[in-house]
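Enquirer:
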Amino acid sequence: MTLAEMETLVYARPASLTEMPTHYCPGCTHGVAHRLIAEVIDEMNLRERTIGVASVGCSVFAYNYFDFDWVQAPHGRAPAMATGVKRVLPDRVVITYQGDGDMASIGMGEVVHAAARGENITVFFINNANYGMTGGQMAPTTLPGQKTTTSPRGRDVETQGYPVRAAELIATLEGASYVVRRSLHDPKNIRLAKKAIRLALETQVRGLGFSLVELLSICPTNWGMTPVQSLKWLEEHMIPYFPLGDYKIHPAVAEIKV
Amino acid sequence: MPPKGRIVVNDLYCKGCELCVAACPQEVMGLDMSRLTVKGYHPATLIKEGCTGCGVCAVVCPEAAITVYREVVRPRVAAAV
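So the protein sequences, as listed, match chains L and H. Heads up: the first sequence is residues 164 to 421, going by this note's numbering. Heads up: the second sequence is residues 1076 to 1156, going by this note's numbering.
1. Could you give the distance in angstroms between the alpha-carbon of PHE231(L) and the alpha-carbon of THR213(L)?
2. Got a sec: is the Cβ-Cβ distance from VAL1084(H) to anything in chain L below 9 Å?
3. Using a beta-carbon distance below 9 Å, is ASP349(L) in contact with chain H?
4. Are MET207(L) and GLU365(L) close, meaning C-beta to C-beta below 9 Å?
5. Is the CB of LEU1121(H) under 9 Å away from at least one CB in chain L?
6. At a CB-CB cut-off below 9 Å, which residues of chain H make contact with THR181(L)?
7. Quick one: measure Cβ to Cβ for VAL1131(H) and ALA1098(H), integer angstroms, because I've assumed they're closer than 8 Å.
8. Is it true that the CB of ARG344(L) sits closer than 9 Å to the CB of LEU394(L)?
9. For GLY1125(H), would you say it is in contact with chain L, using Cβ-to-Cβ distances shorter than 9 Å as the test?
10. Starting from the beta carbon of LEU1094(H), find every residue of chain B whose beta carbon is closer than 8 Å, and list them in chain order.
11. Taking GLY215(L) as the reference, give the member of THR259(L), ALA236(L), ILE284(L) with the closest Cα.
12. Please name the residues in the region 275 to 304 of chain L whose beta-carbon is closer than 8 Å to at least one beta-carbon of chain H, in chain order.
13. Do VAL327(L) and THR304(L) have their C-beta atoms closer together than 9 Å?
14. Helix, strand or coil, according to DSSP, for ALA267(L) in the structure here?
15. With distance defined between alpha-carbon atoms, name the residue in VAL286(L), ARG316(L), VAL342(L), ALA334(L) nearest to VAL257(L).
16. Do we get a CB-CB distance below 9 Å when we pair ALA201(L) with the residues of chain H?
17. For GLY298(L), collect the residues of the same chain with a Cβ closer than 8 Å to its Cβ; drop the 5 residues on either side in sequence, then sort them by chain order.
18. Can you tell me which of LYS420(L), GLY262(L), ALA363(L) puts its alpha carbon nearest to the alpha carbon of ASN283(L)?
19. Anything in chain H within Cβ reach of MET169(L), meaning under 7 Å, just list it in chain order.
20. Quick one: give me the first and last residue of the alpha helix (DSSP H) that ILE214(L) is part of.
21. Just verifying my parser: in three-state terms, what is the DSSP assignment at LYS411(L)?
22. Just to check my reading of the structure: GLY220(L) and GLY308(L) have Cβ atoms closer than 8 Å, yes? What is that Cβ distance to the nearest angstrom?
23. List, in order along the chain, the chain H residues whose C-beta lies closer than 8 Å to that of VAL195(L)?
24. Nearest CA to the CA of GLU1102(H): which residue from MET1108(H), LEU1094(H), VAL1113(H)?
25. Can you give the Cα-Cα distance for SER222(L) and GLU170(L), rounded to whole angstroms?
Structural data, given as structure tokens:
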């Protein structure tokens, strides 16, 4: 008996990822989000008709890591660009991949209006509570009291306001069909996140409208922790403020069986 | 007996973040301190016997660096031997 007959392959790198190593810091869960999206696109066999819209931020080089077509949007404008791509090529699956500095700050207008119009696109929103690429500045999602390079004494809500809960905000819009928040801090939640990504793409493939998956993520370098400490910090501090859950599931989406 | 498994960690991608080490339910993973990757990290590796091929390390790996194999248990063949 050969070795191949005795062993089964449990897991291998998904085909929708290129062979390029990422530029992300060790332990950054951007990589997990990339992997899950690539796995779902492989499972649904969508690689030949997916177009991604990359944002500005750490995820700016997403087009180097996914093995399908990408375009690069100006800062925060990915949902607007995705709207154009989807309307010109309605048979394609159009996704955007945005961080919190991109989507919840400068691009808040674009994503809200894309959702309000019920554009048939999917937004993956990575929330790591700061601006990672530029060196850990305070973002709209920074927690009250959280120290960043621009809030060295902790975010003071009296002068700097409160964090934005993007999933809840988008869920109030009539055009949004599938809006959920998931986390990437342990194997169970990573599996749940993958299911949510699958359902978001199913929503789009069936033409049921706007879908958004918010993924809580870690930023070990800018938080000043090891990756394992960061996972614990996410669980203890971020999840109480950003509760995991389904914020909007249209009845037609709820009927999807995968 | 629990199933036997093995993992192959691709040095090109592994950055030694230790998320797999923390997540491994069998606690058989660690960093290989005797080796450095091209980027200068100590890559993750199996340090003990006991891998079951459950694939949890691959689920948490941010770099998709881990390939997981599990031995196929064939009771009939085993009985004949």
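Ideal Cβ positions, reconstructed from N, Cα and C, are used throughout, including at glycine.
Expert: Well, looking at it:
1. 7 Å
2. no
3. yes
4. yes
5. no
6. Chain H residues near THR181(L): none, gap ~11 Å exceeds 9 Å.
7. 5 Å
8. no
9. no
10. The structure shown contains no chain B; its protein chains are L and H.
11. THR259(L)
12. none
13. yes
14. helix
15. VAL286(L)
16. yes
17. THR312, ASN385
18. ALA363(L)
19. GLU1146, VAL1147
20. First-last for ILE214(L): 213 to 217, but that is the beta strand (DSSP E), not the alpha helix (DSSP H).
21. strand
22. Their Cβ separation, rounded to whole angstroms, is 24 Å, which puts GLY220(L) and GLY308(L) out of contact at 8 Å.
23. VAL1135, CYS1136, PRO1137
24. LEU1094(H)
25. 36 Å
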